[in-house]
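Position in the sequence shown counted from 1, then plus 15, gives you the working numbering.
Backbone N, C-alpha and C fix where the C-beta goes; we use that ideal spot for every residue, glycine too.
What you are looking at is a predicted structure, and each value in this text was computed from that prediction instead of being measured.
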Amino acid sequence: MREQPAPLIVTDNQDAKLVIEGGRPLQGTVDVSGSKNAAMGAMAAALLVTEDCYLENVPNIGDVVHMSEVLRSLGAVVEATSEHDLRINAAELTSSSPPTGLVGNLRASFLVMGALLARLGRAGCSPPGGDVIGQRPIDVHLAGFAAMGCRLGREGEKYVVESDGLKGARIFADYPSVLGTQNLMLAAATARGTTTIVNGAAEPEVQGLAAMLNSMGARITGVGSHTITVEGVQALHGTRHRIIPDRLEAGTFAIAAAVTNGRAEIRGVELNHLFSLIAKMREAGVMVEEAGDKLRVWREGELRAVTIQALPYPGLATDLQAPMAVLLSQARGVSYVHERVFENRLLYTGELRKMGAEVVTTGTTTAIISGPTPLIGSSVRALDVRAGAALILAGLAASGRTEIADVYHVDRGYERIGGKLRGLGAVIERV
Ligand code: EPU
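What follows is the structure, encoded as structure tokens:
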């Protein structure tokens, strides 16, 4: 029995840096991995049943390793049957509360709450960690649990939620929170009666979780819209489920090809999930061809400045806001970047300025970018997973050598990013 996915040699090496010799157009094809954020929900869902759940197309990334540790801390068996396949068995849960140390690594660890509540009637979890991109409250999760008849409390720093039997409810989510919606779906799948989540999240990762739950016997409809209905069923069973392609990784590669003036084919994508990105890239003058499960990206002539707004799905993903800002640093004119999901997700602009980008922020949610400005290789720091990805793109487009510290943030969410970019002709090395 193998313990966990093929070892992530570089993940958690806090000293790892990426060194990039930039200025080379990316050329060639690259395959997209399974979605990080969809994998998180799927792994939590496996806690709902005593039977095996087989997950396919799981990305080999740091967050999957961390989530595996969280599930194991609860008594679940998590076994990698190949590099991208997991078997999870939660027949014998030994705890209703993961240790604080593990939860601090990973925001998605809070998803165990919904599943444990359904299985055990009790769940505890410290405030989850995650990227420093805003306050990231969990009131949507907690208010939903309360509406389903749970008692909420604190034990030390842990949130503790208990129920004598979850009851379906009509729940209004103050904000269409992705993890909040997923948590409530997990709790509601076997609740007594029907739960309606009004103003729920429509993200593809929420749709992916619903598909898995329905394959386990759940009755969930309305996903992809903001009103999700979960008819509680008596029991769920094990399943085999394939994780959806990572739209954020696909988007990152698409922008990488465009910003380096290259030409790339990104394979294994779900084009519907990329509609907003494709629309904005085209508006900025990037050539994008959609072909089945492939996206072809190249440049013909100059890029144009555009305004982008990061919004809940189907708006442009906040996770692609920083990579798009790098692209817009190479566009002629003044671009506006509005971050409307998180209140502090523009910190990376300070690093981009070091590389020569002309970017100023007004407040913490709007960046104004004037371009095109040549980017110059520099020493910068990855502040979170997507900010780190954005700096890699800037390094690829810059002249000279860029050194990116704290690359473990990027390893949390991108499988073999250096290797995949090398496959496209990038000169990028881990030191
Ligand atoms: N919010 C609330 N109350 C809540 C929860 C959230 O007001 O109870 C607010 C937050 O303050 C924020 C907004 O809602 O302003 C969005 O937060 P959301 O809960 O939707 O984000 P999340 O579920 O914590 C997931 C992804 C993020 C992604 C966001 C938005 C996972 C594990 N994480 O986070 O992914 O940016 O949705 O789409 O699914 C990443 O992959 O790099 C990443 C950060």
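Excluding the five sequence neighbours on either side, which residues of its own chain have a C-beta within less than 6 Å of the C-beta of residue i, listed in chain order?
i	result
asparagine 104	Asp67 and Val92
asparagine 52	Glu220
arginine 311	Glu280 and Glu304
threonine 364	Val374, Thr376 and Ala382
glycine 410	Ile35, Gly37 and Thr417
threonine 322	Tyr351
methionine 296	Val303
isoleucine 243	Ile212, Gly215 and Gly237
alanine 272	Leu41, Ala279 and Val312
leucine 286	Glu305
Select from the options the residue whose C-alpha is nearest the C-alpha of residue i.
i	options	result
threonine 109	Glu298, Ser88 and Val352	Ser88
tyrosine 328	Asp146, Arg355, Arg396 and Val34	Arg355
glycine 205	Met296, Gly237 and Leu131	Looking at the sequence provided, one finds threonine at residue 205 rather than glycine. Nearest of Met296, Gly237 and Leu131 to threonine 205, Cα basis: Leu131.
isoleucine 293	Gly277, Trp313 and Asn276	Trp313
valine 127	Gly149, Leu101, Pro152 and Val176	Val176
phenylalanine 268	Gly415, Arg102, Leu86 and Ile407	Ile407
alanine 158	Leu289, Leu135, Leu367 and Gly195	Gly195
arginine 137	Arg185, Ala162 and Ser178	Ser178
tyrosine 190	Ala54, Val245 and His241	His241
alanine 188	Thr211, Gly164 and Ala202	Thr211
arginine 185	His288, Val245, Asp308 and Tyr174	Val245
threonine 44	Ile443, Lys435 and Val79	Lys435
alanine 54	Gly129, Asp30 and Val79	Val79
glutamate 84	Met58, Ser394 and Ile432	Met58
methionine 370	His353, Ser385, Val395 and Leu361	Val395
Taking C-beta to C-beta, are residue i and residue j nearer than 7 Å?
i	j	result
proline 74	serine 48	yes
alanine 450	isoleucine 281	Since the displayed the chain opens at 16 and closes at 446, residue 450 lies outside it and no answer follows.
alanine 456	arginine 319	Residue 456 lies beyond the residue range present for the chain, which begins at 16 and ends at 446; the question has no answer from this structure.
proline 387	glutamine 324	no
glutamate 172	serine 141	yes
valine 248	alanine 216	no
glycine 77	arginine 427	yes
leucine 390	alanine 405	no
leucine 342	isoleucine 270	yes
glycine 164	glycine 183	no
proline 260	glycine 223	no
leucine 101	alanine 95	yes
alanine 133	alanine 202	yes
glycine 415	glycine 433	no
With a threshold of 6 Å (Cβ to nearest heavy atom), would residue i be considered close to the ligand EPU?
i	result
glycine 139	no
tyrosine 190	yes
valine 193	yes
valine 155	yes
alanine 202	no
arginine 122	yes
aspartate 146	yes
methionine 55	yes
threonine 14	Lying before the first or after the last residue shown, residue 14 is absent from the chain, which here runs from 16 to 446.
proline 113	no
aspartate 334	yes
phenylalanine 357	yes
asparagine 52	yes
valine 85	no
Exposed or buried, which one is residue i when buried takes at least 16 other CB atoms within 10 Å?
i	result
glutamate 317	exposed
arginine 17	Only weak support is given to the placement of arginine 17: the predicted model assigns it a pLDDT of 38, under 50, and the question is left unresolved by the model.
valine 213	exposed
glutamate 340	Position check: residue 340 holds alanine in this sequence, whereas glutamate was assumed. Buried: at least 16 other Cβ atoms inside 10 Å.
proline 22	Residue placement at proline 22 cannot be trusted, given a pLDDT of 43 that sits under 50; the coordinates are not used to answer.
arginine 437	exposed
asparagine 198	buried
arginine 255	exposed
arginine 166	exposed
alanine 250	exposed
glutamate 430	buried
glycine 129	buried
Near residue i, what residues of its chain come up, given a Cβ to Cβ distance below 8 Å and the 5 sequence neighbours on each side ignored?
i	result
glycine 403	Ala397, Ile419, Asp421, Val422, His424 and Val425
histidine 252	Val64, Glu66, Met231 and Gly232
glutamine 42	Gly277, Arg278, Ala279, Leu439 and Gly440
leucine 135	Leu108 and Ser111
leucine 289	Arg262, Ala265, Gly266, Ala269 and Leu310
Using C-beta distances below 7 Å, list every residue in its chain close to residue i, excluding the 5 sequence neighbours before and after it, in chain order.
i	result
aspartate 146	Asp399 and Val400
glutamate 170	Gly139
leucine 228	Ala60, Met200, Ala204 and Ile235
glycine 144	Val118, Gly119, Asn120, Leu121 and Arg122
asparagine 72	Gly49, His99, Arg257 and Ile258
leucine 263	Ala332, Asp334 and Leu335
glutamate 358	Gly149, Gln150, Thr379 and Thr380
proline 114	Ser88
valine 446	Lys32 and Val34
serine 291	Pro329, Gly330 and Leu331
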